[in-house]
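Numbering (my numbering), first residue to last: 350 to 790.
The structure is reproduced here in structure tokens:
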């Protein structure tokens, strides 16, 4: 039997055209309430649009079935004051508030914003609504996926961030992919900001670059980072004067996020050279890279502590937890293998980073408090830039599997009771900080 040819609608939308008989309309057209071009027989009925389809197109449908309008305004405010301007700046705050007040904000956006804002509510009943709000945002988005628009891109960004913080890497990847596809269709110019550093670390882990090539590429990227920093207007450079100005303008979170990101990716650029610290004689250039790696990790920790000390400027988006873990891993390296005079400062910054991670853990399950330190207590191989390490550095929402190390039995639990000989040795040397007494569950 000759295969049925796809209908015009399915060819245009690149869908699988499935129908039982040659004269019938296909299933995708039926679900989308379209007149299938392949149908030759008179349809038995006219399919009316489903309520969900018309619902998405309406101007506003507040989530009153889930929370009250007063709660909606509260959660939107939590989102704007705790998240927006940190990991992303995708709204004009005054316009967003006006749309919420006039009930003209797209409902799928509203549900996604409220789902994020619910994490920061002082009311347990509102915090418990996160799942319902997120599920409704996803339902509305999925029903409207063929509508390529900025609102749907914004919703995908919000749902990706929510998935990231909730240890759902597959969902995060899905919504990031959808957002990227829509952005391409909308012809919005992509920003390749720090992607080259991520690509470099992946290539190093796969063994695709020889040592001279690595140093050449690092030098090129180092020059680009320096050029970027030099090109910043004076008002965007990090100093006390600009901190005060941005605090008065209520945009200090954006200012801090900019420089935290700079120090994070600079740390990633030089991270590879920590491995060579333990292998024979290292060149002056490599020593310089290790020094810069530690300096950027230290600067990151200082800025993060400053953000907590300044009223209304704490950086609380989920990715900051991962960035803090990376910074802390460099501080752990100093604590374990650095010079004695470096230890007090490294320990102080680790304590500060731990406090930040504990605060983030209240909102974002993906925050993994000082997991990296336990691994480091067993072997120097912990700083080898292999596939596991690349995932640790770059895939901030993934729950890392146990790393297979020669000196660590696969079934060994990485807690204090199992590493007493190594811990005792490092404690006597002043190189181990035990956070277990501070951890609150």
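Beta carbons are placed, not taken as given, at the ideal position from N, Cα and C, and that holds for glycine.
Computed from a predicted model, the values in this text were never measured in an experiment.
Please report the straight-line C-alpha distance between residue i and residue j, rounded to a whole angstrom.
i	j	result
residue 668	residue 503	17 Å
residue 531	residue 497	6 Å
residue 574	residue 615	8 Å
residue 666	residue 482	18 Å
residue 552	residue 355	42 Å
residue 495	residue 544	29 Å
residue 582	residue 648	20 Å
residue 511	residue 521	8 Å
residue 366	residue 375	6 Å
residue 642	residue 480	39 Å
residue 646	residue 534	38 Å
residue 691	residue 709	27 Å
residue 587	residue 577	13 Å
residue 796	residue 451	The first residue shown for the chain is 350 and the last is 790, placing residue 796 beyond what the model contains.
residue 477	residue 491	23 Å
residue 548	residue 558	12 Å
residue 427	residue 580	34 Å
residue 567	residue 632	15 Å
residue 443	residue 431	15 Å
residue 585	residue 612	15 Å
residue 712	residue 609	20 Å
residue 447	residue 517	32 Å
residue 368	residue 519	31 Å
residue 737	residue 560	Unreliable placement is indicated for residue 737, whose pLDDT of 41 sits below 50; the coordinate value is still reported in the next sentence. Approximately 20 Å, taken between the alpha carbons.
residue 704	residue 493	41 Å
residue 593	residue 556	46 Å
residue 589	residue 438	23 Å
residue 470	residue 706	19 Å
residue 488	residue 386	28 Å
residue 640	residue 591	27 Å
residue 484	residue 523	15 Å
residue 700	residue 685	15 Å
residue 569	residue 598	36 Å
residue 636	residue 554	20 Å
residue 791	residue 681	What is shown of the chain runs 350 to 790, which leaves residue 791 out entirely.
residue 373	residue 449	45 Å
Starting from the Cα of residue i, find the closest Cα among the options and give me that residue.
i	options	result
residue 486	470, 454, 472	454
residue 423	662, 434, 468	468
residue 500	461, 613, 556, 470	461
residue 695	679, 634, 707	679
residue 525	538, 433, 508	508
residue 619	431, 432, 535, 571	571
residue 440	557, 484, 603, 527	603
residue 698	449, 644, 472	644
residue 472	523, 705, 419	419
residue 429	519, 385, 417, 459	459
residue 565	585, 516, 638	638
Using beta-carbon positions only, say whether residue i and residue j come within less than 9 Å of one another.
i	j	result
residue 463	residue 421	yes
residue 425	residue 445	yes
residue 659	residue 600	no
residue 676	residue 664	no
residue 303	residue 702	The requested residue 303 does not occur in the structure, where the chain is confined to residues 350 to 790.
residue 650	residue 683	no
residue 596	residue 513	no
residue 527	residue 505	yes
residue 617	residue 563	no
residue 416	residue 475	yes
I believe residue i touches residue j by the beta-carbon criterion, under 8 Å. Please report the beta-carbon distance rounded to the nearest angstrom.
i	j	result
residue 716	residue 670	4 Å
residue 377	residue 357	Going by Cβ atoms, the distance from residue 377 to residue 357 rounds to 12 Å, so no, they are not a contact pair.
residue 435	residue 606	5 Å
residue 714	residue 515	6 Å
residue 550	residue 621	7 Å
Would you say the beta carbon of residue i is closer than 8 Å to some non-hydrogen atom of the ligand GTP?
i	result
residue 681	With respect to the ligand GTP, the structure offers nothing, as it holds no ligand at all.
### Message
Report the start-end ranges of each alpha helix (DSSP H) in the segment 517-586 that is 4 residues or longer and not cut off at the edges.
### Response
Positions of the alpha helix (DSSP H) runs, each at least 4 residues long and wholly inside the segment 517-586, are given as 518-534, 544-554, 560-580 in order along the chain.
### Task
Could you name each continuous alpha helix (DSSP H) segment of 4 residues or more that falls completely within the segment 583-652, going from the start of the chain to the end?
Counting whole runs of 4 or more residues, the segment 583-652 contains the alpha helix (DSSP H) stretches 589-597, 601-619.
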